[in-house]
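In mature numbering (1 follows the signal peptide of the UniProt record, and there is no 0), the protein residues as written are -21 to -1, 1 to 155.
Quick look at the structure:
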């Protein structure tokens, strides 16, 4: 019975559809929250030796790294507006205390402070991974920044999970 239930469930996922405005989309695995950051373009306020793309490469031993500066930031342009359910950040394995106090923002503006705060990273141990709930906040940009003077921002990995904005059925069905 369990195999039959599983087959029916996946058949439904692959054949059912969702009406979104005037468009009809087959309901498939692409509608589940995805790591939208993988398709985006990353940037950061400055680069010491490690580029911003290293926070999206899937390798925990590489990381992005800004210069020591005032209010350093790392940003991913998701290229489209997403409803962001959660952001997952993996801290670098050493010098990890630098991330403490960082702010995660979601929004549609290049200016950091014009975007809404999703979460504050109060503390995250060296090499640790944490999930921050953003409750379906809409935005094209996800920004991590550390307010303050003489700060360094370094990230091992970043994931931004959600789905394209604009589909109310998917919002209520898949919000996590």
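The beta-carbon is built from N, C-alpha and C at its ideal position, and this holds for glycine as well.
The structure presented is a predicted model; accordingly, all values stated were derived computationally and were not measured.
{"Asked": "So, for residue 35: in the same chain, excluding its five sequence neighbours on each side, which residues have a beta-carbon less than 8 Å away from its beta-carbon?", "Found": "16, 17, 19, 21, 55, 136 and 137"}
{"Asked": "Using 10 angstroms around the beta-carbon of residue 140, count the other beta-carbons present and answer buried if the total reaches 16, otherwise exposed.", "Found": "buried"}
{"Asked": "Helix, strand or coil: which one does DSSP assign to residue 32?", "Found": "helix"}
{"Asked": "Compute the beta-carbon to beta-carbon distance between residue 67 and residue 108, rounded to the nearest angstrom, for a pair I have assumed lies under 8 Å.", "Found": "6 Å"}
{"Asked": "Report the residue ranges of all beta strand (DSSP E) runs contained in full by the stretch 50 to 84; include only those spanning at least 3 residues, in chain order.", "Found": "52 to 70"}
{"Asked": "Within 8 Å, do at least three Cβ pairs link the stretch 31 to 45 to the stretch 75 to 91?", "Found": "no"}
{"Asked": "Just mark residue 26 as buried or exposed, buried being the case when its beta carbon has 16 or more other beta carbons within 10 Å.", "Found": "exposed"}
{"Asked": "Measure the C-alpha to C-alpha separation of residue 6 and residue 120 and round it to an integer number of angstroms.", "Found": "Because the pLDDT of residue 6 is 46, which lies under 50, any placement of that residue in the model is unreliable, and the number read from its coordinates should be weighed accordingly. Their Cα atoms are separated by approximately 26 Å."}
{"Asked": "Assign residue 17 to one of three DSSP states: helix, strand, or coil.", "Found": "helix"}
{"Asked": "Are there 16 or more other CB atoms within 10 angstroms of the CB of residue 8, so buried, or fewer, so exposed?", "Found": "Bear in mind that a pLDDT of 43 at residue 8, under 50, signals an unreliable position, so the number given afterwards is only what the model happens to contain. Per the 10 Å Cβ criterion, exposed."}
{"Asked": "DSSP state of residue 100, grouped into three classes?", "Found": "strand"}
{"Asked": "Using the Cα positions of residue 43 and residue 95, report the straight-line distance between them to the nearest angstrom.", "Found": "23 Å"}
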